[in-house]
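A.B. asks: Pasting a structure here, questions to come.
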Ligand code: SAM
Ligand code: SF4
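Numbering (this note's numbering), first residue to last: 1184 to 1690.
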């Protein structure tokens, strides 16, 4: 352990109490309430769920047509889809979900890796291995040198360009720490086989913050700001997140993204943690969250995640949660989210096993992780192949390498995109919403996907992956030639330059 690590973990209990006391700013919640009420109305959700059972096939097909036009569905329409049982109609839903995904995102899958920087936490979420009362967890916060070492492996050996950086909620990993670590990650540049590797986009999964801190993050520059509500069902939320902790405040979390938008972060990721309450309620609620953000800010969620509870070390709650979501329900909820919020990115993570990931990707997912390690310091500790339960938040279902996943995706006809151009060119927020809805986003992304895939194959691909990947590239180039003749010449110049070892060229 470095000195920096020791200093950071060595906060006294009274330091923590003082920090916790003033975190929540009630005025930053109240200003968004509507006559004292929040945008989640459990009665309205239950009403929609009980009045839309047994939908007529004709009605379901009309709803599917609406999804295909990339329009957000209403709560009643979404409730109808949730209740579909007929196998034929379910197959049509899955088919339409795949069509919607292709219309908006083509055959691209974006990959990223999670990077956990600290597991100290002042909260006590019943389902999380990092919770304060879990004395079996080995605590650690990485110093900046250690952060650089993790990044060198991710960017220089595995080949990731995008990270989701994850932090517990603790004064040792406060917003200043987050900002410094983002700087340290961005500074790392590593020589590779044919060029150089660098992390080009850092998404952040951290606790809700006050507007002032979010402004700082916006200035430093982040990709997506991700906060999961865990459960939108308030009594369940309050049972699993003890009162008196920061996380115990349901509304502080519910309005995290409103504050992010106010601070200028217009790229936000939301989602429930499935398994805490009835999945049907959570799907309806996440739709309400998207509708609220669209109505208030003109920008919906850039991504929706749908993590399921995984077993965590010394965390009895995770052994047999009452609302565990079965695999068939999981596939259905992914299909419904894709149809209900057609423009949004959808993330399936390595929490799920390889076979299930294969099955759910075609239902409309756009992003996935690979080569993931969620133990603190897990990437630099390469000698250690096994997952270490007492250093990580939960156990992963799929630990396959990025190369294996990229190869499998290419065999299935997907192109893995390492593109990070969107937010660097200002294609975020309302701009990206418009491009996604009109199917225009694909124009830039298709070009950038091919260029970044070429980079990755040349720098990191195994012989087998290069062979399969080049077939996909050939098809993509042909499509660009016929569908986008006006940019073809310039695209080919970038492509050839990339082959010659130039890096980070994008449209
Ligand atoms: N501490 C911050 C927070 O709670 O928002 C961010 C980091 S927390 C480690 C990230 C997410 O991990 C949580 O929002 C929760 O949804 C998820 N999580 C916690 N325990 C989990 C478990 N046992 N299985 C799967 N996901 C879990
Ligand atoms: Fe802390 Fe987040 Fe885990 Fe809750 S989910 S214990 S807030 S790290």
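Glycine included, every Cβ here is placed at the ideal spot set by N, Cα and C.
At a Cβ threshold of 7 angstroms, is residue 1369 touching chain C?
C.D. replies: No chain C is part of this structure, which consists of one protein chain only.
A.B. asks: Quick one: residues in its chain with C-beta nearer than 6 angstroms to the C-beta of residue 1206, no 5 flanking neighbours on either side, listed in chain order?
C.D. replies: Counted from its first residue, the chain shown places residue 1206 at position 23. Closer than 6 angstroms at Cβ, skipping near neighbours: 1429.
A.B. asks: Buried or exposed: which applies to residue 1269, given that a residue is buried once 16 or more other Cβ atoms fall within 10 Å of its Cβ?
C.D. replies: Working through the chain shown from its first residue, we reach residue 1269 at position 86. Exposed is the call here.
A.B. asks: Among 1688, 1282, 1643 and 1444, which residue has its Cα nearest to the Cα of residue 1393?
C.D. replies: For the purposes of this step, residue 1393 is taken as residue 210 along the chain shown, with counting starting at 1. Residue 1393 has its Cα closest to that of 1444, out of 1688, 1282, 1643 and 1444.
A.B. asks: Which residues in the same chain as residue 1332 place their Cβ atom closer than 6 angstroms to its Cβ, once the five residues preceding and following it in sequence are excluded?
C.D. replies: Translated into the one-based positions of the chain shown, residue 1332 becomes position 149. 1563, listed in sequence order.
A.B. asks: What residue does the beta strand (DSSP E) around residue 1301 start on, and which one ends it?
C.D. replies: Numbered from its first residue, the chain shown carries residue 1301 at position 118. Taken as a continuous stretch (DSSP letters only), the beta strand (DSSP E) holding residue 1301 covers 1291-1301.
A.B. asks: To the nearest angstrom, how far is the alpha carbon of residue 1287 from that of residue 1357?
C.D. replies: Taking the first residue of the chain shown as position 1, residue 1287 is located at position 104. Taking the first residue of the chain shown as position 1, residue 1357 is located at position 174. Going by the C-alpha atoms only, they are around 36 angstroms apart.
A.B. asks: Counting pairs of Cβ atoms below 8 angstroms between the segment 1448-1461 and the segment 1474-1486, do you hit three or more?
C.D. replies: As far as the Cβ criterion goes, the segment 1448-1461 touches the segment 1474-1486, which means the pair count is three or higher.
A.B. asks: Would the segment 1395-1405 count as touching the segment 1218-1233 if we require 3 or more Cβ pairs under 8 angstroms?
C.D. replies: Output reads no: the segment 1218-1233 does not touch the segment 1395-1405.
A.B. asks: Closer than 7 angstroms by C-beta to residue 1463: which residues in its own chain qualify, once you throw out the five before and the five after it? Chain order, please.
C.D. replies: Your numbering for residue 1463 matches position 280 in the chain shown. Answer for residue 1463: 1232 and 1265, listed in chain order.
A.B. asks: Below 7 angstroms CB to CB, which residues in the same chain sit around residue 1350 once its five sequence neighbours on both sides are set aside?
C.D. replies: Walking along the chain shown from the start, residue 1350 turns up at place 167. 1300, 1301, 1356, 1361 and 1389.
A.B. asks: Return the residue from the list 1627, 1649, 1643 and 1645 that minimises the CA-CA distance to residue 1673.
C.D. replies: Reading the chain shown from its first residue, position 490 is the one you call residue 1673. The shortest Cα separation from residue 1673 among 1627, 1649, 1643 and 1645 belongs to 1627.
A.B. asks: Classify residue 1488: buried if its beta carbon has 16 or more other beta carbons within 10 angstroms, exposed otherwise.
C.D. replies: Counting from one through the chain shown, the residue named residue 1488 turns up at place 305. So residue 1488 counts as buried.
A.B. asks: Using a 10 Å radius around the Cβ and a threshold of 16 neighbouring Cβ atoms, would you call residue 1555 buried or exposed?
C.D. replies: Within the chain shown, numbered from 1, the residue matching residue 1555 stands at position 372. It counts as buried.
A.B. asks: Taking 6 angstroms as the line, does the beta carbon of residue 1728 fall inside it for any heavy atom of the ligand SF4?
C.D. replies: A question about residue 1728 goes unanswered here, because the residues of the chain that appear run from 1184 up to 1690.
A.B. asks: Excluding the 5 residues flanking residue 1364 on each side, which residues of the same chain have their C-beta closer than 8 angstroms to its C-beta?
C.D. replies: As a working note, residue 1364 is residue 181 in the chain shown. Excluding sequence neighbours, residue 1364 sits near 1300, 1325, 1327, 1330 and 1348.
A.B. asks: Is the closest heavy atom of the ligand SAM to the C-beta of residue 1455 under 6 angstroms?
C.D. replies: Reading the chain shown from its first residue, position 272 is the one you call residue 1455. Checking the Cβ of residue 1455 against the ligand SAM gives no.
A.B. asks: Going along the chain, which unbroken runs of the beta strand (DSSP E) with 3 or more residues stay wholly within the segment 1370-1404?
C.D. replies: Runs found: 1384-1388.
A.B. asks: Report buried or exposed for residue 1586, applying the criterion of at least 16 other Cβ atoms within 10 angstroms of its Cβ.
C.D. replies: Sequence index remark: in the chain shown, residue 1586 carries index 403 (1-based). Result: buried.
A.B. asks: Can you tell me where the beta strand (DSSP E) with residue 1599 in it begins and where it stops?
C.D. replies: Numbered from its first residue, the chain shown carries residue 1599 at position 416. It spans 1598-1600 - the beta strand (DSSP E) in which residue 1599 sits, taken as one unbroken run.
A.B. asks: Assign residue 1546 to buried or exposed, taking buried as 16 or more other Cβ atoms, counted over all protein chains shown, within 10 Å of its Cβ.
C.D. replies: In the chain shown, residue 1546 corresponds to position 363, counting from 1. By the 10 Å Cβ count, residue 1546 comes out buried.
A.B. asks: With a cut-off of 8 angstroms on the beta carbons, I'd call residue 1475 and residue 1255 a contact; round off their distance for me.
C.D. replies: On the chain shown, position 292 is the one that residue 1475 refers to. On the chain shown, position 72 is the one that residue 1255 refers to. With a Cβ gap of about 11 angstroms, residue 1475 and residue 1255 do not count as contacting.
A.B. asks: Could you tell me which whole beta strand (DSSP E) segments of length 3 or greater appear in the segment 1632-1677?
C.D. replies: Complete beta strand (DSSP E) runs here, min 3: none at all.
A.B. asks: Any contact between the segment 1488-1500 and the segment 1304-1316? By contact I mean 3 or more CB pairs, one from each, below 8 angstroms.
C.D. replies: They touch, by the three-pair rule.
A.B. asks: Please tell me whether, using a cut-off of 6 angstroms, the distance from the CB of residue 1576 to the nearest non-hydrogen atom of the ligand SAM is below it.
C.D. replies: Counting from 1 along the chain shown, the entry for residue 1576 is found at position 393. Yes, since a heavy atom of the ligand SAM falls inside the 6 angstroms radius drawn around the Cβ of residue 1576.
A.B. asks: Among the candidates 1686, 1513, 1588 and 1448, whose CA atom is the shortest distance from the CA of residue 1610?
C.D. replies: Here residue 1610 refers to the residue found at position 427 of the chain shown. Of the candidates 1686, 1513, 1588 and 1448, the one whose C-alpha sits nearest the C-alpha of residue 1610 is 1448.
A.B. asks: On a CA-only basis, which of 1523, 1516, 1629 and 1557 is nearest residue 1690? Give me that one, please.
C.D. replies: Numbered from its first residue, the chain shown carries residue 1690 at position 507. Considering only alpha carbons, the answer is 1629.
A.B. asks: Residue 1184 to residue 1675, Cα distance in whole Å?
C.D. replies: Here residue 1184 refers to the residue found at position 1 when the chain shown is read from its first residue. Here residue 1675 refers to the residue found at position 492 when the chain shown is read from its first residue. Per-residue confidence for residue 1184 stands at a pLDDT of 34, beneath the threshold of 50, marking its modelled position as unreliable; no derived number is given.
A.B. asks: Quick one, are the C-beta atoms of residue 1436 and residue 1391 less than 7 angstroms apart?
C.D. replies: Sequence index remark: in the chain shown, residue 1436 carries index 253 (1-based). Sequence index remark: in the chain shown, residue 1391 carries index 208 (1-based). Result yes, Cβ atoms of residue 1436 and residue 1391 sit closer than 7 angstroms.
A.B. asks: Taking the straight line between their C-alpha atoms, what separation do you get for residue 1211 and residue 1526?
C.D. replies: The residue labelled residue 1211 in the question sits at position 28 within the chain shown. The residue labelled residue 1526 in the question sits at position 343 within the chain shown. Whole-angstrom Cα-Cα distance: 29 angstroms.
A.B. asks: Rounding to the nearest angstrom, what Cα-Cα distance links residue 1345 and residue 1305 in this structure?
C.D. replies: Stepping through the chain shown from its first residue, residue 1345 is reached at position 162. Stepping through the chain shown from its first residue, residue 1305 is reached at position 122. Distance between the alpha carbons of residue 1345 and residue 1305: 28 angstroms.
A.B. asks: Please name the residue or residues paired with residue 1220 in a DSSP beta bridge.
C.D. replies: As a position in the chain shown, residue 1220 is number 37, starting the count at 1. Beta-bridge pairing links residue 1220 to 1217.
A.B. asks: Can you tell me whether residue 1198 is buried or exposed? The criterion is at least 16 other CB atoms within 10 Å of its CB, across all chains shown.
C.D. replies: Locating residue 1198 in the chain shown gives position 15, where the first residue counts as 1. So residue 1198 counts as exposed.
A.B. asks: Using a Cβ-Cβ cut-off of 7 angstroms (strictly less than) and excluding sequence neighbours within five positions of residue 1250, which residues of its own chain qualify?
C.D. replies: In the chain shown, residue 1250 corresponds to position 67, counting from 1. Here the set comprises 1256, 1279, 1283, 1522 and 1525.
A.B. asks: Quick one: is residue 1600 buried, meaning 16 or more other Cβ sit within 10 Å of its Cβ, or exposed?
C.D. replies: Residue numbering aside, residue 1600 sits at position 417 when the chain shown is read from its first letter. Burial call: buried.
A.B. asks: Is DSSP giving residue 1336 helix, strand or coil here?
C.D. replies: On the chain shown, residue 1336 is found 153 positions in, with the first residue counted as 1. Three-state result, residue 1336: helix.
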